Amino acid sequence: MTEHAHAPALLRAHALLAADRPEEALRELAVLPESDAMSALVFELRAAALLQLERWSEAGDAARAGLAAGGPDPDLLCQLGLAEYRLGRHETAERALLDGLAIAPEDVSLLCVYARLCLEHGQLDKARRLVDLAAAQHPDAPTVYATRVQLAHASGDDALAQRISREFVAAHPENAQAHALLGGTSAARGQVRSAYSGLRQAVANDPADRDYAKAAYEARIALHPLMLPVRPFARFGAVKTWIAAIVVIYGLRALGLYPLATVAALAWFALCVYSWVVPPLLRRWLLRRWR
1 MTEHAHAPAL LRAHALLAAD RPEEALRELA VLPESDAMSA LVFELRAAAL
51 LQLERWSEAG DAARAGLAAG GPDPDLLCQL GLAEYRLGRH ETAERALLDG
101 LAIAPEDVSL LCVYARLCLE HGQLDKARRL VDLAAAQHPD APTVYATRVQ
151 LAHASGDDAL AQRISREFVA AHPENAQAHA LLGGTSAARG QVRSAYSGLR
201 QAVANDPADR DYAKAAYEAR IALHPLMLPV RPFARFGAVK TWIAAIVVIY
251 GLRALGLYPL ATVAALAWFA LCVYSWVVPP LLRRWLLRRW R
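According to full-length UniProt numbering, the residues represented by the sequence shown are 1 to 291, in order.
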């Protein structure tokens, strides 16, 4: 039997991957005869399914096997680079990605994965150039949107990251990652309702993703009325909130308003204790209640 004879199985596996059903795709590939299962295409499909399942080590092994079976291939090199990047083996990842870009210098996936690797090392300008190259090829690709969001966030521009996330959702309303990024960028700006809405939609689009479910659960907790006093920490960050409180307290003292400064100091201390005690207790109580 040849690979061509098993094309329907390969097409089914490809369709299952596109439908975000990687475990079923792996089952389709598992029934192929050993002679057909050793082709580069089958290894590529298997690696893609394993990447979706976040089984990084196995995905890397599958990509390597595909390269051994069929020789250098940009898609397999991208899969290997992504797997190695997720495993924290950045030098190996970079080597695979550069080998892939030497074959396909305008490959959008390779450019975006390499950009994310650069962001890990604080190479913002290099990452920006790579994203610009990818966007010039396919501006509406989900991976381009996602990488642009990461770049904006790494640059400290949370407003831009949120705007790009909204564009991502508008372009790909069925994409769970788009909604999750919108939820995450909204949370970074202290917009808890928008954060919960985005993450809840991400779970609706991809119920099997535990990370989305966990993030949506945390956002739901942040919406609870008892969390209202600690929202400034989420909106402005702990450091900025501390600085603002110190400025107010010492400003009142400098003006000679000692009673008000004392009240402000006590209120700040009470808020700090509240932020340390109430959120974990609330989280534990709600989890027990929902179970």
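All C-beta atoms, glycine included, are put in the ideal place defined by N, C-alpha and C. Just so you know, these numbers come straight off a predicted model, no measurement behind them.
Taken atom to atom, the span from the alpha-carbon of R12 to that of G81 is near 26 Å. The C-alpha of P142 is placed about 15 Å away from the C-alpha of Q162. In this structure, V144 keeps its C-beta atom at 8 Å or more from the C-beta atom of V169. Less than 8 Å divides the Cβ of A25 from the Cβ of L45. Taking C-beta atoms under 8 Å as the contact rule, E120 and H90 qualify, at a distance of about 7 Å.
Two segments are said to touch when three or more pairs of C-beta atoms, one from each, lie closer than 8 Å; by this definition the segment 271-281 touches the segment 215-230. Excluding the 5 residues flanking it on each side, E106 has same chain C-beta neighbours closer than 6 Å at Q137, in chain order. Straight across, the Cα-Cα distance linking G156 with W56 is about 29 Å. Cβ contact annotation for V192 (same chain, cutoff 6 Å, sequence separation greater than five): A222, L223, in chain order.
Per DSSP, H90 is one residue of the alpha helix (DSSP H) stretching across 90-103. Under a 10 Å Cβ-count criterion, T185 is classified as buried, with 16 or more other Cβ atoms of the shown protein chains found around its own Cβ. Taking a contact as a CB-CB distance under 8 Å, the pair G198 and A180 counts as one, their CB atoms being some 7 Å apart.
The Cβ-Cβ distance between S39 and A69 falls below 8 Å. Straight-line measurement puts the Cα of G66 at about 7 Å from the Cα of L76. The straight-line gap separating the alpha-carbon atoms of A30 and E54 is approximately 19 Å.
Counting only the Cα atoms, R200 lies some 37 Å from I246.
A93 places its beta carbon less than 8 Å from that of L117.
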